[in-house]
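If you count by the working numbering, then the sequence shown holds residues 41 to 370, one letter each, in order. Don't be surprised by glycine CBs; every beta carbon is placed ideally from N, CA and C. Worksheet: one structure, shown below.
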Amino acid sequence: MVTNRNMLLSFLLISGVALAASQSCQNTSPLCGASPGWPLLSMCFDHDYVFASCPEFCGQCTCATDPRGPCYNGGTRGGNPANYNERTCDCNCVGAWTGDLCQYCGLTCVNGVLDSSTCTCRCSPGWDGPTCSDVCADSSTLCGANPGWPTVASCSVDYVAASCHLFCGVCSGGSGVVVTQPTTTTQTTTKGTTTTPAPTCPNGYALIVNRGICLKAFNDERTWDEAANVCGQDGGLLAMPKDEEMHQACVAIKNSVNSGASFWFGLEDRQVEGQWRYADGSAMTSFNKWNPGEPNNQGDEDCVHYLSSGNWNDLPCGSRQRFICQTAPR
Ligand SMILES: [Ca+2]
Ligand SMILES: [Ca+2]
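Shown next as structure tokens:
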């Protein structure tokens, strides 16, 4: 008796699954979910002909029993008004997953490393965006501004974190360059005036964590000597990108101020032509980011600036450029 009842239940269950699979739920009109067409779910309840033609679009059916099986990597079948007719139960993949079962990662990381388990890119320092093809920059002038979003603590607020990647250190990447914005003593936030601890870097400078160096890109134009004087007033020198990490930090800082402009930094060959020295007097090593064809000393060029691309070019020192300073934390 028990066995018979179980057999009957099994039969009904299998029959039900088979029935559902054979009657795979499909929208029959290309108008389902289309624009122009029948784009509103509310129409399913007011208009019989919409409901009858768009059973999947209107949520009458589910695609759980689709013979193609489940979707991988968080994908789900059905319910997408963009799909209709024979595509009704196609997988809707999330993120960059692709393929008929969302089984493939369709992502190429331009300046970063692919994490194939999550199908996301881990960007190199200074790079941002889903494929690490965007130069890391803050998209809002409020990042680190006063009034604005002046504290690193405000990065825990979603819209600040989304707008202030550089400010919030999201673009720190994998090699340990973490840029945090300076704090000032008294700050006005969207929630009112608060007092924060004493600054780590001088006002307006960003701390390159792990390097113990403060960087600031100035958005006004000076000759190389004038720029060096401004840095000196802050107790520092023109920035000295002596390795890849500092170079990436300089590029990120300058781009956060103006990604379309060029900026002086602390490298020159004024004393002996072709003997490049950093602002602290040390000789340039083999590390360099010269633009192709540079340095060319065209018309006596003894000072070096960042082109907007992030490459280096020598230029007459009397030219007026924006500039990057570095100094020590206080
Ligand atoms: Ca020269
Ligand atoms: Ca040149």
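(request) May I ask you to report which of helix, strand or coil DSSP gives TYR89? (result) In this structure, DSSP gives TYR89 a helical state, which the three-state scheme calls helix.
(request) With a cut-off of 8 Å on the beta carbons, I'd call HIS345 and GLN361 a contact; round off their distance for me. (result) Contact holds; Cβ gap of about 5 Å.
(request) State yes or no: is the C-beta of GLY118 within less than 8 Å of the C-beta of CYS133? (result) No, these two residues do not count as a Cβ contact at 8 Å.
(request) Grab me the residues of GLY138's own chain with a C-beta within less than 7 Å of its C-beta, minus the 5 sequence neighbours each way, in chain order. (result) The sequence shown places Thr at residue 138, not Gly. Cβ neighbours of THR138 beyond the five flanking positions: TYR144 and GLY146.
(request) Name the two residues that bound the continuous beta strand (DSSP E) containing ASN269. (result) Unbroken run through ASN269 is the alpha helix (DSSP H), 264–273; no beta strand (DSSP E).
(request) Label THR128 either buried or exposed according to how many other C-beta atoms from any shown protein chain fall within 10 Å of its C-beta, with 16 as the threshold for buried. (result) Flag for THR128 reads buried.
(request) Would you please state the rounded distance, in angstroms, between the beta carbons of ASP354 and PRO335? I believe it to be under 8 Å. (result) About 4 Å; that satisfies the 8 Å criterion.
(request) Could you round the C-beta distance between LEU206 and ASP174 to whole angstroms and report it? I think they count as a contact, below 8 Å. (result) Not really, about 11 Å apart at Cβ, beyond 8 Å.
(request) Measure the alpha-carbon distance for ALA122 versus ASP198 and round it to whole angstroms. (result) When rounded, the distance between both Cα atoms is 29 Å.
(message) Could you tell me the alpha carbon to alpha carbon distance between VAL371 and PRO332, rounded to whole angstroms?
(response) Not covered by the structure: residue 371. The range shown for the chain is 41 to 370.
(message) Please list the terminal residues of the continuous alpha helix (DSSP H) segment that includes ASN298.
(response) 284–298 is the extent of the alpha helix (DSSP H) around ASN298.
(message) Given a cut-off of 8 Å on the beta-carbon distance, is the pair CYS357 and ASP265 in contact?
(response) In this structure, CYS357 lies near ASP265, with their beta-carbon atoms less than 8 Å apart.
(request) Look at TYR124 and PHE97 and say whether their C-beta atoms are less than 8 Å apart. (result) Yes, they are a contact pair.
(request) May I have the straight-line CA-CA distance separating TRP78 from LYS256, to the nearest angstrom? (result) Here the alpha carbons of LYS256 and TRP78 stand approximately 55 Å from one another.
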